[in-house]
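Protein chains in written order, with UniProt numbering: chain A, 1 to 770; chain B, 1 to 770. No residue lacks a Cβ here, since even glycine has one placed at the ideal position from N, Cα and C. In this text the structure is predicted, and so the values were computed from the model without any measurement.
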């Protein structure tokens, strides 16, 4: 058997670590920061023993349910993680004991969460409880916890209760919205030892099956002989539990290994679920905790070998950036094309686990350049939801495919119709009805992926169909205005959500135009290069030459509001007539302060905007706008952007760097990188800001790292380093080649690490061939 | 509608009140002290909002289940009592807020539990939450809570969550023994408003159905118009919940009335349960909280009009005694002859809700003399279990009826076979196999009841059969020893449980003899006075004259170990040969200290005893022993009794008073009266010491009050008052007449309050006729 590594022996260097030094009211934040996920499932960083005010969460990608909730939501499934400790029958919990020592440490290199506690109970008994847990990246069904329990000043019977908690609720802390999505189907013991809890979602009877067992032995016993002298399985209604006892001896360390295995009816036929869990659990236990842990760490090593970015000279930024990358890459399951990454990852219940444009626009670039296989899988999710998008379009009276603003497992629109303001008054939420740009964002992401990877197989079989069906949507969505001989897109919400029911949002119209154009190009491309695919796809989607002609007309005549004199793109028609307030003051965090006199209940009447909109457009389509236009629009909108979305500052930072405004770049980067670490939005408890993770990576690589694709499709590198940074190095895949970029104040070094053939790149405008 | 009484307006005089002044670690004790029960159901005095470390408990008489437990146990059923409060969505609990004021008060006169709290949350919002609750004695299915909620320094949305918690477990705090006895069958809303949770016991599918609803209105609104603007029913797995919101205004008091109704499949056919709950709940709500409360208080008034005992000059004793009487009389349901009172009442899980000799020997005298109707019902429980007792006897190879040492709902033996010592080692529990005296104790109780009430209807139809079948058991239980020409009862445990597997325990043998003799007398009595009944019963139980002849022989020849010279009854054969230790030291509570040199693991080898045994015999059968014998034996055993049962000191106190030893009487009385109030055994949390309640009453009435029946069946009154007592007055029923006895230091006054015909009593040896 492998040697057991104690906490200190397993832990990586400081640059890989995130610490919690105090047990306090911030536990909720750390539950998110310390959430572990492998893209298949995620578990929040709650304490194994339970703790006052905790917000436990256990999620499985693709397991959604509506039940009594407003919309389908990611189900908080039964929690495999509970492990309670009793000394002479008395429960020991961090919130009920004196904490003589306390530390938790996330090891990002290994995807392992460590804990070091020394607790003193009310009888003065002092116990050291150290340990670690992981959610395996190797076999994604497996997860495990190891405790090292050492009675420091006593001896006595120590009890360990292994629990799978089926009492989980969604919105548990909100009495008004609490929902139970699961019914317990089986609460049984496992023949080969252990406990088994199978639940079913209330609507579709999807099954979630979790098995778990413990192994208890002395640390110094290399044979790991069982020392538990008592074991009892107890089905406790919605909880499955087994209770074991062993004799604790003074200063003698006992190891408790908890093994857990999770399968769903998405993985295995219902009738075979228990069998699957039993077999995998027994195999897991037989091979041992350490073998799985090693494989898990090896997977992380592989991921980091490309994903890691090093910032020298700025440890804070270095670790914070790594933290964002860690959670982003942990959240994906490159093997499951039926799920995507929700706005809060698998880290919390925020946004109900729904997928927004966040994935395609903010997160996907990271995967395209660092982990193309996963990027393709994420796009395959959209392809698999294409039929639903067709249905969405049809339901709304359009042609082609309309992607939902909020997407879950079915691909139908899942945006709630109503929310509540801070006074509890109902507020109609219009984004699901009106924020149409998502459909073009998906098509755009398909193109971005293809451009960076040349994955022609994906494009021919899947991507092209998305581009064509979304183009078709836009052609049907645009309304012809005869008087003006132009096509308009009225009554939408653009990326800036302060303004609802606007006409001709520049971002939306531009993307619609682009989408139709790309559709037309795609048809030509297929016809010329892959005629079989051309015929197959046009027949499949019943696209006639007449309809294509119509597309051309629409594309030509889509109206983009633009002030030619000032070179200012108008965010939407009539925007410039709104009351003009300019931001002049900033708070202690350099965040904009509402200009004096603004009525915050009527923001739609002002030119103040929530987040990057026109700037976003210019950022995503840099080749469409000249430098002057970018600068002028950046300067205009920057003064009017309230940054009420966590995604906004990072986008301005990148654009600022591109137009030569470096003032806020570093601060915006740090704010974005630490949105969860510092909880500067105050909502980290709801889950990770996954889009912000992607945005942070983009600032590092597209902003400071200066990566950009020019009009000719060539990779440009025009870096700029903040003052305190000595060196920035990152790696990207470009058309199948792995490149490493090392930027110092003096120099830029680009290396090709993998790939055959020549790669042309432009560094600071100078073309080089690798 | 009735006027709403605020807390202060409803509360009785101080002599009726028990206070909790601090929220602290003693909450568990107060959960027992403040448990409310009506004999049908009981609910522990937990906080409505929930609180760290609480031990909630909700019990229904007669609802037992074995499931995964060792033996059948009283099920901790779904808890109707939960009522959570949220300010602007944030939960308010006593353990999570600052408690600016805190008080809970049990009003024993009215059977109402009051609470007065002022809580400050972490946002500085101060809320006064006062209220009261009751478990109706009028309609036993009904219970209710009233909250007065007053925001003192804020206004905002206040949420109230009405919960029925089906997550209840038995032994919830013991991971090793936790048991889930219930499955949720229905978790539904109630059409006319409210929530409904129906559960089923896992073994016999007994159903427990609880419905509840809230009414929320302004205190000053005499029309009680609804002010809740939001209501939502939420089935949360094992919990049923509804959540309501109203607008809290500064210094304005809102009343929240919670109504709950409980039925089981013991009351109503399964299919009609929900209907029954709905109808009763709607009727309850329509008539209103205050009407039911009034009826409930009227029932308590009726009970107290007989039960109350006044001690003047000693307020502590006065209230403590009242506390014992309160819980004793609250624990009985005179209408249900299929349940009895468990050793811990309906107040906690201690002793699994089982019925011991505690009921017949310690509690029943109170009911016989104060509430004969209830006494009869308690005996009817034993009659209804007579078939089970016959089965018990047959299973053990005996004739007649053998009552189980621990009895639940089936009447079969429910004593666990194994327990665990403080080290966790299994210990064989022999009481269920060997503590046979319970069978004679039941027969004895039948006789006691009959002697005091002359209830010939009961005796002819039920009591006689119990006496005959138990007599028959003893005749078969006794073993003939030819060499000695005597009958012996070997291998038993007497009342003193330090000595197991003893032969010829004096108490047991004497009671066996008495029981057979009483059986023979009963046969003669029936034959002479009620020949129809004689023929009916002898035919029914297949009793032949030959068998009766055998009884006579056994009765004559039962061996009673007795040292004639010393006039000392030997507790069991060979007892006097055991190592003799005499108690010489007493601790600060005047409790015996183990004599030096005693090996506490081998107490069976000593003459030290756990509790009254021979003394108990002399106390229960005073007419059988002369004064000298009583005194000698009292003195001998008193020095050897460790009082390791809470029942023991009170019995010695009574005997002491009878033989002229007044030294310990008062202290023993106070200890017994305060066993729960002061938690001097440290286990009040497990439930009320119901036998001790009865024992306390016995010390007051039989001891200080001097009530005793002499050989001729005449009521004697020979009182003795402790020094600080000025006056003691109590009431008893005697042969259908209600007598009041008023004792002062100078005088004894006996009054007949009710009843026709003359009553002869002896006061201090002087015969008077009332």
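Among the CB atoms of chain B, one or more fall inside 7 Å of the CB of residue 424(A). Within the stretch 297-335 of chain A, the complete alpha helix (DSSP H) segments of 4 residues or longer fall at 315-330, listed in chain order. Listed along the chain, the chain B residues whose CB falls inside 7 Å of the CB of residue 236(A) are 169, 178 and 180. For the set 640(A), 686(A), 749(A) and 631(A), the Cα lying nearest the Cα of residue 603(A) is the one of 640(A).
If you look at residue 631(B), you'll find it in the alpha helix (DSSP H) that goes 627-638. Taking the CA atoms as reference points, residue 354(B) sits about 7 Å from residue 73(B). In the structure shown, the three-state DSSP call for residue 469(A) is helix. Between the C-alpha atoms of residue 467(A) and residue 180(A) there is a straight-line separation of about 39 Å. Inclusion of residue 358(B) and residue 691(B) in the CB contact set at 7 Å is warranted, their separation being smaller than that value. For residue 481(A), the CB contacts under 7 Å within the same chain, skipping 5 residues up- and downstream, are 488 in chain order. Leaving aside the five residues that flank residue 491(B) on each side, the residues in its chain whose CB is nearer than 6 Å to its CB run, in chain order, 501. By the neighbour-count criterion, in which a residue is buried when 16 or more other Cβ atoms sit within 10 angstroms of its Cβ, residue 330(B) is buried. Among the CB atoms of chain B, one or more fall inside 7 Å of the CB of residue 157(A). Taking residue 111(B) as reference, the option from 452(B), 38(B) and 65(B) with the minimal CA-CA separation is 38(B). In this structure, 7(B) is the residue among 306(B), 7(B), 380(B) and 93(B) with its C-alpha nearest to the C-alpha of residue 113(B). Looking at the DSSP output, residue 591(A) shares a beta bridge with no other residue.
For residue 510(A), the secondary structure class from DSSP, reduced to helix, strand or coil, is helix. Under the 10 Å beta carbon count, residue 377(B) is surrounded by 16 or more other beta carbons and is classified as buried. With respect to the 7 Å criterion, residue 348(B) and residue 57(B) are classified as neighbours on the basis of their beta carbons.
At a cut-off of 7 Å between beta-carbon atoms, residue 161(A) makes contact with chain B. In this structure residue 549(B) is exposed. Its beta-carbon is surrounded by fewer than 16 other beta-carbon atoms within 10 angstroms. Across the stretch 57-88 of chain B, CB contacts with chain A closer than 8 Å involve 68, 84 and 86, in sequence order along the chain.
Per DSSP, reduced to three states, the secondary structure at residue 117(B) is strand.
Under the 8 Å Cβ criterion, the stretch 607-616 of chain A does not count as touching the stretch 534-548 of chain A, having fewer than three qualifying pairs. For residue 418(B), there is no enclosing alpha helix (DSSP H); the enclosing beta strand (DSSP E) covers residues 418-420. Inter-residue distance for residue 268(B) and residue 78(B) is about 18 Å (C-alpha atoms, whole angstroms).
Burial of residue 693(B) is indicated by the presence of at least 16 other C-beta atoms within 10 angstroms of its C-beta. A check of alpha carbon separations from residue 697(A) across 540(A), 498(A) and 368(A) identifies 368(A) as the nearest. In the DSSP secondary-structure assignment, residue 131(A) is bridged to 115(A) and 147(A). The beta carbon of residue 361(A) lies closer than 6 Å to those of 441 in the same chain, with the five residues before and after it left out. Under the Cβ criterion of 7 Å, residue 175(B) is counted among the residues facing chain A. Judged by pairs of C-beta atoms under 8 Å, the stretch 183-192 of chain B does not touch the stretch 113-125 of chain B, as fewer than three such pairs exist. If you look at residue 173(A), you'll find it isn't in any alpha helix (DSSP H); DSSP assigns it neither H nor E. Within the stretch 240-260 of chain B, contact with chain A at the beta-carbon level (separation under 8 Å) is assigned to 241, 243 and 245. Assigned with DSSP and collapsed to three states, residue 370(A) falls in helix.
Take residue 306(A), set aside five residues on each side of it, and the residues of its chain with a beta-carbon closer than 8 Å to its own are 370, 371, 731, 733 and 738, in chain order.
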